[in-house]
Each structure stands twice: as structure tokens, then as C-alpha cells.
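This report refers to the structure that appears directly beneath it.
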Amino acid sequence: MNLQRVVTKVFNGDIHYALGRFRTVRLAYGGVRRLTDRRVSVGQGGSPTLFPNADIEHIVRTISAEAVFLGLNLPAKIVADIDAFARSEPLHANYDPHGPTFLYAEVHRGTAADGRFVSIGGVREPTRCSAVQAIVNDPVLRSIVRTYLGHEPHEVMTILNWSFASDFSDDQRRRLKHHVIDYHYDVGGYNFVYANFYITDTDRYSGAHVMMKRSHNRKPLRMLLGSASASEESVRKQFGIENEITIEGPAGTGFVQDTSCYHRATPPTRGDRLMLAVRFIN
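Throughout, my numbering is defined as the position within the sequence shown, counted from one, plus 3.
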């Protein structure tokens, strides 16, 4: 996306797409919301947490400094419940959300039973799963979000997607709307933070998340005013390959991320990945 496209989105009313990429704007927005928001906080009142050993202040400081905190991991029972749910629910192709659905077991190497190529299969309304809803409402997670943003988010989005192992080329994946294999940063609103959880064992051959630490705070103006996507070469040159990390781990591995940093997913080639993303926005 070039500068002309950014301007077009602004004229179409997506002002946050232009302004939300600036750290100063996000901080100012959070400050105003902190002073004016009188909404009742979600996820409080003594409810049990899935993350009893979490140090909220340490987690928030780590996200502020590095754009990510690793180690907010899920209990095995929650992982098993979400995994079973995602294997039994009808899935939709990422590029055809209203087209024919299919089951996870019907996909082999990125090909559905009807012959369609599918790189990503999504579950509709994941919060129908009680385990997913428990994560969304978890008091510790909500406290991390509230402390980092400086306010209660207006919107919570949940995404539960299978990324299928295949022999697709990168260009084929892009045509199938698997664009997250390219480095990019998100502009989800004026203020946002995401929690991500691997529901299956995940490594660099099964769709592991890759990111550039600290790239949420010090983008040059050319990266702020132009496309939110960038080449691997330019991102590494700007921020240093020493800041690039690949997040691998067993099922249940969780991390909270300020996705205004540069990040991408590795194309899965040997194993499928199931990941839950909970997006806290504005």
C-alpha cells in the first residue's frame, strides 16, 4: 500500500489508519481515554484466572520496551478444548468467507475435498467456544491490556485460524490472501494490543510468528507515511537482524504483542498451525 492508498483511506473515513501508526498519537489517545473513560472494567471482581503467576507490571514494561511479552501460556485443558472445537467446526477459506465450508480433516496439503486450494481456514465466531471466551474475559489478561493501553478497549476481536502446510509458493499464498507471510505492522485503530496463543505445537516449519523487537517505537518517517508492509531486507537493515526473533513453542504458548511492530508468519511447510488471536482495539 502506497501513500496514495493511505490518503484514499483517510478520505473514506479511515482516519485511524493514518494517525494510529504514530506512537505519539496512540499515547495521546490513551491519555485522553484514561481521563474521560468511566466504563466498568471487564474481567474483574475476583474471577479466577488462567494465568495465576503473571506479573502484570513486568509484562507491561516488557511490551513497552520490546513490543512483545513471551510466556503467557495456556493450561492444557483450555488448549485441548479449543483444539477439539476447531477440528469439529466448519471452516471458511480466507479468500472466500461466504463460500462453501469444509472440515479440518478434509484438507490435505492445502487442498480441500472439493479441490479448492486453501492456505487458511477460519472458524466463525470463536467465542462460541467457552474456552476461548474464558481467555477473552480473563482478569489478568484484561488487566495487562488495560494497563498497557491506559484504558478499557472498545472492541475485542477473536480470530481462530488454521494455517495449512502446503507446497504453495509465496506468490500462490499471496493470491490466496495469505499476506501475513510478508513483514508488516498493524494499524488496528488509535490504540491496540493483541494476545496470541498457539493451539498446536508450532515451529518455523509450521507457521511460527516472526517479529522485529523494538520496531514499534522507532520507525523512520518513510515507514510511517508509506505502506505498512516492507521487505525483509529493509526491515532487517533498519532495525538490525539481532532484534529479529522467531516465536516457537508447544501448544499453549502465548505472547502479548504491540502489533505496531513489524511482524510476519513463516509459511507452514511441514505441519499445520492453529492459532488464536485476541485483538483489543481502541
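For every residue, glycine included, the Cβ atom is placed at its ideal position computed from N, Cα and C.
- The segment 217-237 makes no contact with the segment 159-174, as fewer than three CB pairs between them are under 8 Å.
- In this structure, leucine 53 lies near aspartate 141, with their beta-carbon atoms less than 7 Å apart.
- Non-local C-beta neighbours of aspartate 206 in its own chain, meaning closer than 6 Å and more than five positions away in sequence, comprise Glu251, ordered along the chain.
- With a cut-off of 8 Å on Cβ pairs, the segment 136-150 is in contact with the segment 53-68, counting three or more such pairs.
- According to the DSSP assignment, threonine 65 belongs to the alpha helix (DSSP H) that extends over 59-69.
- Looking at Tyr32, Thr114, Arg90 and Phe72, the one whose alpha-carbon comes closest to that of cysteine 264 is Phe72.
- In the three-state reduction of the DSSP assignment, tyrosine 32 falls in the helix class.
- Each residue's CA atom was taken as its position, placing arginine 273 and serine 209 some 6 Å apart.
- Taking C-beta atoms as the reference points, valine 121 and alanine 96 count as a pair closer than 7 Å.
- Under DSSP, phenylalanine 120 takes part in a beta bridge, and its partners are Thr114.
- A straight-line Cα-Cα distance of about 43 Å links glutamate 109 and histidine 154.
- Within the DSSP bridge table, the entry for arginine 276 names Ser166 as partners.
- Boundaries of the beta strand (DSSP E) around alanine 268: 266-268.
- Annotated three-state conformation of isoleucine 248 is strand, per DSSP.
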